[in-house]
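The structure appears below as structure tokens.
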Amino acid sequence: WGRRWCTRGFSFFSNYRKLNIMNILLIGSGGREHAIAWKISKSSMIKKLIVCPGNAGTELVAQNIELDINDFNKIKLLCIEEEIDIVIVGPEDPLVNGISDYFEVQKELKGITLIGPCKKAAQLEGSKDFAKEFMKKYNIPTAKHKTFDINSIESGFKFLENLSPPYVLKADGLAAGKGVLILDKLTEAKKCLKEMILENKFGNASEKVVIEEFLEGMELSVFVLTDGSTYKILPTAKDYKRIGEKDTGLNTGGMGAVSPATFIDRFYLEKIEMEIVKPTIEGLKKENINYLGFIFFGLIDVAGEPKVIEYNVRMGDPESEVVFPRIKSDLLNLLVGIKNGTFSEKDLHIDKRVAVTVMLASHGYPEKYEKNKLIDLPEDFNESLIFHSGTKSRSSNFYTNGGRVMCVTSLSESLKQALEKSLKVCSKINFDGKYYRKDIGRDLINY
Ligand code: AMP
Ligand code: GLY
726 WGRRWCTRGF
736 SFFSNYRKLN
746 IMNILLIGSG
756 GREHAIAWKI
766 SKSSMIKKLI
776 VCPGNAGTEL
786 VAQNIELDIN
796 DFNKIKLLCI
806 EEEIDIVIVG
816 PEDPLVNGIS
826 DYFEVQKELK
836 GITLIGPCKK
846 AAQLEGSKDF
856 AKEFMKKYNI
866 PTAKHKTFDI
876 NSIESGFKFL
886 ENLSPPYVLK
896 ADGLAAGKGV
906 LILDKLTEAK
916 KCLKEMILEN
926 KFGNASEKVV
936 IEEFLEGMEL
946 SVFVLTDGST
956 YKILPTAKDY
966 KRIGEKDTGL
976 NTGGMGAVSP
986 ATFIDRFYLE
996 KIEMEIVKPT
1006 IEGLKKENIN
1016 YLGFIFFGLI
1026 DVAGEPKVIE
1036 YNVRMGDPES
1046 EVVFPRIKSD
1056 LLNLLVGIKN
1066 GTFSEKDLHI
1076 DKRVAVTVML
1086 ASHGYPEKYE
1096 KNKLIDLPED
1106 FNESLIFHSG
1116 TKSRSSNFYT
1126 NGGRVMCVTS
1136 LSESLKQALE
1146 KSLKVCSKIN
1156 FDGKYYRKDI
1166 GRDLINY
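If you want the numbering used here, it's the 1-based position in the sequence shown plus 725.
The following block contains the structure:
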């Protein structure tokens, strides 16, 4: 195998113009992966697309293979057997666990390009403390902060006393999106700090806690795709994280999204590029990190000044479900550019229309919910796109298999129309316990 990969050499690369030449493995199983799989499946370069493990939606555009996404040995065997050219890693977990570093050292996998950063760079998402130190080092605007652990709880209390409410406490490590607490009372904040550090409120993830100043403003998501030396800015988005309308109730993985973030203009995006995107890419280079893949900048606009709330080393979900439908260029062609060193020469064309996606969730989500409900889909989606999140198929039927079940994306000249189109389709999809927000993007309609 090793020889075969090595001897493909230059003649293989020079043949990229030929169509249907790429075998792709996409890792993950959410709406983000369905959106990526849908986009890749439309490429003229695709020969075989495998999603591992995928969902009932990815099965419509690719072949699903059930595999533990953190079992790198099994992924390696699959890559060899299926003659994979490019691996795209959807979620952060395998990246934080070092899948990229694993591929790097396996000689049988030498010819494969893995889209996703190395373990060290994945710390930008895997450790809030690492991300904060990186931002400090490279002068990237973010909230003022300090990190505390078991040896410095008392200093943590003092730090809290000198902040004004609300208090923001973040578990350092990955905590399934639940590790951020925003508290109004000092006593409560001190109690939570203690619980996080001493009682493992979020397991090992809260052995260290980042306390930071609360920032007030509109949030937006900016995404780039990079080959480690140049980058392309993908469409921007705004995510609606709360379960209830008008942004009330518990935080979720995301109940809907809009692209672009219509409240910022070209000049503001340039400011973000100059103050945040460029210094991040340059910083990674200075750290000797060859970052291949997506970077997700979770930003907040504080009175005209963009600040980083968080980095993610992957695409967002449900942002992907509005970002990829707006990319007119062939996504696989861009990834092939990363593989063969021609990324900077590739164009990125973006649809000017607005995209809105509305997530259908299971009753009870983000807390307890039931699965295995039969999903009834309309025959006609009115040109909208349906991306599956937590679904599975059985005997030609779809069943719910998660808290976030599927989302409906629509594109239109106006945000209002796109929302109306999506809501119409949402009303026609049925399953027991269906819930969705009807106000996704409504706050932006007048921008
Ligand atoms: P994170 O996991 O860091 O994205 O935080 C989750 C959510 O908490 C963010 O999307 C924000 O809504 C909120 N948040 C995090 N940090 C801050 C902050 N410093 N000020 C205000 N809100 C924050
Ligand atoms: N929608 C937020 C995220 O993907 O982290």
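Virtual Cβ for every residue (Gly too), placed ideally from N, Cα, C. Only a predicted model underlies this, so the values are computations on that prediction, with no experimental measurement involved.
Item checked: Same chain, Cβ closer than 6 Å to isoleucine 813, five either side skipped, listed in chain order -> So the list reads Leu751, Ile840, once near-sequence residues are dropped.
Next item on the list: Could you tell me the distance, in whole angstroms, from the CA atom of aspartate 1157 to the CA atom of glutamate 1092?
Entry: One C-alpha to the other measures close to 16 Å.
Note to self: For a test of the three-state rule: what should DSSP assign to lysine 915, helix, strand or coil?
What the structure shows: It is helical.
Notebook entry, point to check: Which stretch, first to last residue, makes up the beta strand (DSSP E) that contains asparagine 748?
Noted result: Asparagine 748 -> beta strand (DSSP E) spans 747-753.
Next item on the list: Could you check what DSSP says for leucine 885 in three-state terms: helix, strand or coil?
Entry: The three-state reading of DSSP puts leucine 885 in helix, counting H, G and I together.
Check: Counting only runs that start and end within the region 979-1055, where is the beta strand (DSSP E) found for 3 or more residues in a row?
Finding: Counting whole runs of 3 or more residues, the region 979-1055 contains the beta strand (DSSP E) stretches 981-984, 1018-1027, 1030-1037.
Notebook entry, point to check: Are the region 1106-1126 and the region 1018-1036 touching, with three or more C-beta to C-beta distances below 8 Å?
Noted result: Under the Cβ criterion (8 Å, minimum of three pairs), the region 1106-1126 does not count as touching the region 1018-1036.
Next item on the list: Rank Glu1044, Asn745, Arg1162 by C-alpha distance to the C-alpha of glycine 969 and give the top, closest one.
Entry: Among Glu1044, Asn745, Arg1162, the Cα nearest to that of glycine 969 is on Arg1162.
Next item on the list: Report all residues from its chain with a CB closer than 6 Å to the CB of aspartate 1168; omit the five preceding and five following residues, and keep chain order.
Entry: Counting only Cβ-Cβ distances below 6 Å, and skipping sequence neighbours, we find nothing.
Check: Using DSSP with H/G/I as helix, E/B as strand and the rest coil, what is glycine 1115?
Finding: In the structure shown, glycine 1115 sits in coil (DSSP, three-state: anything other than H, G, I, E or B).
Checklist line | For isoleucine 969, the three-state DSSP class (helix, strand or coil) | finding: The sequence as given places glycine at residue 969; isoleucine does not occur at that position. Glycine 969 falls in the strand class under three-state DSSP.
Next item on the list: For the region 998-1006 and the region 854-871, state whether three or more C-beta atom pairs, one from each stretch, are separated by less than 8 Å.
Entry: Yes, since at least three Cβ pairs between the region 998-1006 and the region 854-871 fall closer than 8 Å, the two stretches touch.
Item checked: proline 890 - partner residues in DSSP beta bridges -> Proline 890 is not bridged to any residue.
Margin query: Going residue by residue through the region 1115-1160, where are the continuous alpha helix (DSSP H) segments of at least 4 residues, counting only ones entirely within it?
Written below: Runs found: 1140-1153.
Check: Three or more C-beta pairs closer than 8 Å, one from the region 828-839 and one from the region 793-809: is that the case here?
Finding: Remark: three or more beta-carbon pairs, one from each stretch, lie closer than 8 Å, so the region 828-839 and the region 793-809 are flagged as touching.
Margin query: Could you compute how far the alpha carbon of leucine 792 sits from the alpha carbon of proline 778?
Written below: Approximately 6 Å between the Cα atoms of the pair.
Next item on the list: To the nearest angstrom, report how far apart leucine 908 and glycine 815 are at their CA atoms.
Entry: Taking the straight line from one Cα to the other gives about 32 Å.
Item checked: Own chain residues within Cβ distance below 7 Å of serine 739, not counting five before or after -> With a pLDDT of 45 at serine 739, under the threshold of 50, the modelled position of this residue cannot be trusted; read the value that follows with caution. In the same chain as serine 739, and ignoring 5 residues on each side of it, no C-beta atom comes closer than 7 Å to its own.
Next item on the list: Throw me the rounded Cβ distance for the glutamate 937 and alanine 847 pair, which I believe falls under 8 Å.
Entry: Not really, about 21 Å apart at Cβ, beyond 8 Å.
Next item on the list: Look at the alpha carbon of aspartate 972 and the alpha carbon of valine 1079, and state the distance between them as a whole number of angstroms.
Entry: Looking at the two C-alpha atoms, the distance is approximately 21 Å.
Note to self: the ligand AMP and lysine 1053: does any heavy atom of the ligand fall closer than 7 Å to the residue's C-beta?
What the structure shows: No - the ligand AMP has no heavy atom lying nearer than 7 Å to the Cβ of lysine 1053.
Note to self: Helix, strand or coil for glutamate 941? Go by DSSP, reduced to three states.
What the structure shows: DSSP places glutamate 941 outside both helix and strand once states are collapsed to three, so it counts as coil.
Item checked: Under 5 Å, CB to nearest heavy atom of the ligand GLY: contacting residues -> For the ligand GLY, the selected residues are Asp964, Gly979, Gly1041, Asp1042.
Item checked: Expected contact under 8 Å - CB spacing of leucine 1144 and glycine 1166 to nearest Å -> Correct: roughly 5 Å between the Cβ atoms.
Checklist line | Nearest candidate by alpha-carbon position, reference serine 1045, set Ile1063, Thr961, Met943, Ala1028 | finding: For serine 1045, the nearest C-alpha among the options comes from Thr961.
Next item on the list: Tell whether a beta-carbon distance below 8 Å holds between lysine 1146 and serine 1135.
Entry: In contact: lysine 1146 and serine 1135 (Cβ atoms closer than 8 Å).
Checklist line | Proximity below 8 Å, CB of phenylalanine 882 to CB of lysine 915 | finding: Cβ atoms of phenylalanine 882 and lysine 915: closer than 8 Å.
Check: Taking DSSP as the reference, what is the three-state secondary structure of phenylalanine 819?
Finding: Here residue 819 turns out to be proline, not phenylalanine, going by the sequence shown. Shown here, proline 819 sits in a helix according to DSSP, grouped into three states.
Notebook entry, point to check: Would you say isoleucine 840 faces chain E, with C-beta separation under 8 Å as the test?
Noted result: This model lacks chain E altogether; it includes just one protein chain.
Next item on the list: May I ask you to check if the CB of valine 1038 is nearer than 7 Å to at least one heavy atom of the ligand AMP?
Entry: Incorrect: valine 1038 has no Cβ contact closer than 7 Å to the ligand AMP.
Check: Opposite lysine 845 in the DSSP bridges: which residues?
Finding: Listed as beta-bridge partners of lysine 845 by DSSP are no residues whatsoever.
Item checked: Closest residue to glycine 756 among Gly953, Asp1042, Asn745 (Cα-Cα distance) -> Closest by C-alpha distance to glycine 756, out of Gly953, Asp1042, Asn745, is Asp1042.
Checklist line | tryptophan 726 versus glutamate 833: straight-line alpha-carbon distance, rounded | finding: Note that tryptophan 726 scores a pLDDT of 31, beneath 50, so its modelled location is shaky and nothing firm can be said.
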